[in-house]
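Just so you know, the protein sequences line up as chains S and Z, in that order.
Numbering-wise (the numbering used here), the first sequence opens with residue 509 and increments by one.
Numbering-wise (the numbering used here), the second sequence opens with residue 667 and increments by one.
Where is the CB? At the ideal position from N, CA and C, for every residue including glycine.
None of these values were measured; they are calculated from a predicted model.
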Amino acid sequence: MNHILLGAQVLFTPINFFFCFLGVLMGTLVGVLPGLGPTAAIALLLPNTFHVSPVTAIIMLAGIYYGAMYGGSTTSILVNIPGEAASVITCLDGYQMAQKGRAGVALGIAAFGSFIAGTISVIGLMLVAPPLAKFALAFGPPEYFSLMLMGIVILIYLASGSILKALMMAVFGLLIGTIGMDSISATQRLTFGLLELSDGIGLIPAIMGLFGVAEVITNVEQEIKREVVATRIKNLLPNVQDWKESLGPMIRGGVLGFFIGILPGPAPVISAFSSYAIEKKLSKHPEKFGTGMIQGVAGPEAANNAATGGAFIPLFTLGIPANSVIAILLGAFMIHGIQPGPMLIQNHADLFWGTVLSMYLGNAMLLVLNLPLIGLWVKVLKVPYPILFPLILLFCLVGVFSLNYSKVEVALMIGFGVFGYLARKFQFEMAPLVLALVIGPMMESNLRLSLVISQGSPWIFIEKPISAVFIIVSLVLLISPLIPWIGKRRQKLQEKVEREQV
Amino acid sequence: MGRTQSQFDRMAAVFFLAVGLFFALYARGVEIGTWNEPGPGFLPFWAGLTFAVMSFALLLQNLRRKGPVRPSFFPKTDSWKRVLTTFVALIAYNFIFELLGFALTTFLFVGFLVKFIFPQSWLRTLTVALSAAVIARLLFINFLETQLPRGFLGF
């Protein structure tokens, strides 16, 4: 209870209140805009948070994350174009509802669903994070190394295409992560004499290139026409029948999303898809899904929002990012001089509880804010892409330059843009690369420290029980595709994905 | 020209094989260390080697497999022009914006892309470019106090 009071004290200062508002507003905006996701948006705004306190900065950046999940649904419902990957599934029934003149209800239920799920995940975060952090205090370098290894392996296992290609991207991320000065011996590695590279390849230029620039370049290949549902949007408030139908999916989606969120990987996307599948299975009329069933909007929207809350758990308790958005937040912690890890909740109680409570407030803000602002978001959607994309690129350029005032980093961003664009064409996934790039240096130092502790015996990773569990899980995940019946099913899935993308 | 997925994979595999070998060879010059005392070259060497082996596996896997036929690399015949132009504009921005200053370069950059990628009318181009330059100048330099170069003209 004391903790909640502390959090409230932190939150209810005018500046934090304002930045929370700013965060969710910006988040909704980037969620609405296709081609600019929360990852790029947080990376863009990070340099501008240097002059405020860490708590304020994190509150705003977190707001962008869950705000974007919210905004993404608006475009799915109104234009049938998901603003975020996490709202792809919302298109199925949301757009159908809009076509039947129920756009208002769909938007409303998405908003309420997100709010309810957001609440579930905040409560979950409050309950789960502190005990987990206490448990994690027992972790030494071997445990951390194995845990991070497991994180990467889970992410690879969840990759939709070829496991080998996902694995390759993770190793490539590790390799890029080794560029720069070695933290233990201070040797320069692969820096080619460039001072800018001795700190390593910056995370922000890499992410802005891979997600921001590459996305825009893919979109300039051909002009895409967007049709906004023309009818006036009315009746945002769902009626009693709507509530009856969607309360169950919301709660199930919220709980599911939270737990999937804890796992590494694109949790909002996976949880939204799983929630849709579950609702379809539970429904008495599964054949009606895809024709405008309200459950098909309420469940996934709740799930993707709850997943954002769950994703904060590995960050707050272990200092390990579960996905690329959280990875940038981790970068923000470090820039503000906060060491993430199991001690965070104790040492920076104000930061933890302030952020958690801000997520609650932010969810409420989104609800009040978005229902009346939907008209404005529709206008934003009508800005033609030929005018929008130069502005997105401009934001990328300024965002990266203002980090360190370095032209080399801008050049790096453009380089990653080229790579990201080609990698999309060649069907390589970027998420394992980014995660490996972020935790690569941490993994390396933990690996080397472990080997120093064990005097060179790699068995240390098996001898420590907690570490052994992580290693075994990783091995099982890596080997399972080789077992015939799992392997065959995965092979089929991969071929299906490849065909669908064609 | 419909290439198959495995043709794409083979090309990527050859490229990544070279990258992996490069890292592994480079790391040999740094000091790999031993298992007891891994040096700075330890991870780049082993990861580079693993990467090369994986690329080779991808190559082998795709020698026989065909995979679905992919649509042509560029969706439209003139797509490559827009893609290339956009990249060139980005690179040019990085080269000239210290000289010309943030506001002027932004005006040129936005104006160029609006006019030449998906051609808009001159009126629209100038309006968008001008307002982008002015608003970005006010937002980043005056409001957020970002230290962006002002160029030889001083704005």
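Quick one: which residues of the segment 678-709 of chain S get their C-beta closer than 8 Å to a C-beta of chain Z? List them in chain order. V679, F680, L682, L683, T686, D690, I692, S693, T695, R697, L698
Could you run through the segment 899-932 of chain S and flag, in chain order, every residue whose CB is less than 8 Å away from some CB of chain Z? L899, L901, L902, L905, V906, F909, S910, Y913, K915, V918, A919, I922, G925, V926, Y929
Whole angstroms are fine: how far does the CA of Y784 of chain S sit from the CA of L755 of chain S? Residue numbering aside, residue 755 of chain S sits at position 247 when the first sequence is read from its first letter. Residue numbering aside, residue 784 of chain S sits at position 276 when the first sequence is read from its first letter. Each residue's Cα considered, the two are about 14 Å apart.
If I measure Cβ to Cβ from T771 of chain Z and keep anything under 8 Å in the same chain, skipping five residues before and after, which residues do I get? Position 105 of the second sequence, counted from the first residue, corresponds to residue 771 of chain Z. These residues qualify, in order along the chain: Y759, I762, F763, G817.
S745 of chain Z at chain S interface by Cβ criterion, 7 Å: Mapped onto the second sequence, residue 745 of chain Z falls at position 79. So yes, S745 of chain Z belongs to the interface.
Quick one: which chain S residues come within Cβ less than 9 Å of Q813 of chain Z? The sequence position of residue 813 of chain Z within the second sequence is 147, counting from 1. Within 9 Å Cβ-Cβ: S910, Y913.
So if I threshold CB-CB distances at 8 Å, which residues from the segment 714-732 of chain Z count as touching chain S? G714, T716, F717, M720, S721, A723, L724, Q727
Which residues, in chain order, does the segment 871-901 of chain S contribute to contact with chain A at a C-beta distance below 9 Å? In the structure shown, chain A cannot be found, because the protein chains are S and Z.
Could you tell me which chain Z residues have their CB closer than 8 Å to the CB of F934 of chain S, listed as they occur along the chain? Sequence index remark: in the first sequence, residue 934 of chain S carries index 426 (1-based). Ordered by position in chain Z, the residues that pass the 8 Å Cβ test against F934 of chain S are F674, D675, M677, A678.
Give the straight-line distance between the Cα atoms of L715 of chain Z and A678 of chain S, rounded to the nearest whole angstrom. As a working note, residue 715 of chain Z is residue 49 in the second sequence. As a working note, residue 678 of chain S is residue 170 in the first sequence. Using only the alpha carbons, I get a separation of about 14 Å.
Sequence-distant residues of the same chain with beta carbon closer than 6 Å to M689 of chain S, five excluded per side: The residue you call residue 689 of chain S lines up with position 181 of the first sequence. So the qualifying residues of the chain are Q696, S706.
What residues from chain Z crowd round V728 of chain S, counting only those whose CB sits closer than 7 Å? As a first step, residue 728 of chain S must be located in the first sequence, where it is residue number 220. Simply R748, V749, T752, I783.
For the alpha helix (DSSP H) containing S783 of chain S, list its first residue and its last residue. Walking along the first sequence from the start, residue 783 of chain S turns up at place 275. Note, S783 of chain S: alpha helix (DSSP H), 775-790.
In or out: I566 of chain S buried (at least 16 other Cβ within 10 Å) or exposed? Position 58 of the first sequence holds residue 566 of chain S. Burial call: buried.
Look at T791 of chain Z and K781 of chain Z and say whether their C-beta atoms are less than 7 Å apart. Indexing the second sequence from 1 puts residue 791 of chain Z at position 125. Indexing the second sequence from 1 puts residue 781 of chain Z at position 115. Closer than 7 Å, so yes.
Positions along the segment 778-811 of chain Z whose CB lies within less than 7 Å of some CB in chain S: L779, V780, I783, F784, Q786, V794, A798, A802, F806, L810
Buried or exposed: where does E811 of chain Z fall if 16 or more other Cβ atoms within 10 Å of its Cβ makes it buried? Your numbering for residue 811 of chain Z matches position 145 in the second sequence. Under this definition E811 of chain Z is an exposed residue.
Going by DSSP, what residue range makes up the alpha helix (DSSP H) through G849 of chain S? Position 341 of the first sequence, counted from the first residue, corresponds to residue 849 of chain S. Unbroken run through G849 of chain S: none, as it is neither H nor E.
Note down, one range per segment and in chain order, each alpha helix (DSSP H) of at least 4 residues found wholly within the segment 918-1004 of chain S. 939-961, 968-971, 973-987
Say whether chain S places a C-beta atom closer than 7 Å to the C-beta of L756 of chain Z. On the second sequence, residue 756 of chain Z is found 90 positions in, with the first residue counted as 1. Interface residue, yes.
Counting along the chain, where does the alpha helix (DSSP H) carrying Y574 of chain S start and finish? To locate residue 574 of chain S, count along the first sequence from 1; it is residue 66. Start and end: 562-587.
Span of the alpha helix (DSSP H) around L740 of chain Z: Start at 1 with the first residue of the second sequence, and residue 740 of chain Z comes out as number 74. Looking at the sequence itself, residue 740 of chain Z is Phe, so the reference to Leu does not match. Where F740 of chain Z is concerned, there is no enclosing alpha helix (DSSP H), given that its DSSP letter is neither H nor E.
Going by the beta-carbon positions, is the gap between L663 of chain S and P772 of chain S smaller than 7 Å? By one-based count along the first sequence, residue 663 of chain S stands at place 155. By one-based count along the first sequence, residue 772 of chain S stands at place 264. Taking 7 Å as the Cβ cut-off, L663 of chain S and P772 of chain S qualify as a contacting pair.
What residues match up with G704 of chain Z in a beta bridge as DSSP calls it? By 1-based counting over the second sequence, the position of residue 704 of chain Z is 38. Looking at the sequence shown, residue 704 of chain Z is not Gly but Pro. DSSP output for P704 of chain Z lists Z:G699 as bridge partner(s).
Using beta-carbon positions only, say whether L911 of chain S and I684 of chain S come within less than 7 Å of one another. Residue 911 of chain S sits at position 403 when you count from the first residue of the first sequence. Residue 684 of chain S sits at position 176 when you count from the first residue of the first sequence. Contact flag unset, no.
Quick check: the segment 608-624 of chain S against the segment 824-831 of chain S, are at least 3 beta-carbon pairs closer than 8 Å? no
Under 7 Å, Cβ to Cβ, is there at least one residue of chain S near F773 of chain Z? If you number the second sequence from 1, residue 773 of chain Z lands on position 107. With 7 Å as the cut-off, F773 of chain Z does not count as an interface residue toward chain S.
Quick one: is G964 of chain S near chain Z, going by C-beta distance under 7 Å? Numbered from 1 along the first sequence, position 456 holds the residue referred to as residue 964 of chain S. Yes, G964 of chain S lies at the interface with chain Z (some Cβ there is under 7 Å from its Cβ).
Just mark M842 of chain S as buried or exposed, buried being the case when its beta carbon has 16 or more other beta carbons within 10 Å. Position 334 of the first sequence, counted from the first residue, corresponds to residue 842 of chain S. Flag for M842 of chain S reads exposed.
Between the Cα of G632 of chain S and those of S:S975, S:L983, S:F820, S:E651, spot the shortest distance and give me the residue it belongs to. Counting from 1 along the first sequence, the entry for residue 632 of chain S is found at position 124. That would be S:F820, whose Cα lies nearest to the Cα of G632 of chain S.
Chain S within 7 Å of R816 of chain Z, Cβ atoms only: As a first step, residue 816 of chain Z is located in the second sequence; it is residue number 150 there, counting from the start. So no, R816 of chain Z is outside the interface.
Just checking, does the segment 884-892 of chain S make contact with the segment 855-874 of chain S on the three C-beta pairs under 8 Å criterion? no
Contact criterion: CB-CB distance below 7 Å. Does V1010 of chain S meet it with respect to chain Z? As a first step, residue 1010 of chain S must be located in the first sequence, where it is residue number 502. Interpretation of V1010 of chain S is limited by its pLDDT of 43, a score under 50 that renders its predicted location unreliable; the figure taken from the coordinates is listed afterwards. Closer than 7 Å to some Cβ of chain Z, the Cβ of V1010 of chain S qualifies, so yes.
Strictly below 8 Å CB to CB, what residues from chain Z border S567 of chain S? Against the first sequence, residue 567 of chain S aligns to sequence position 59. Per the sequence shown, residue 567 of chain S should be read as Ile rather than Ser. What I567 of chain S touches in chain Z: nothing, since even the nearest Cβ is about 18 Å away.
What's the gap between the Cα of L901 of chain S and the Cα of V908 of chain S? As a position in the first sequence, residue 901 of chain S is number 393, starting the count at 1. As a position in the first sequence, residue 908 of chain S is number 400, starting the count at 1. Approximately 11 Å, taken between the alpha carbons.
Interface partners of M656 of chain S on chain Z, CB under 8 Å: Residue 656 of chain S sits at position 148 when you count from the first residue of the first sequence. Ordered by position in chain Z, no residue passes the 8 Å Cβ test against M656 of chain S, which lies about 13 Å from the chain.
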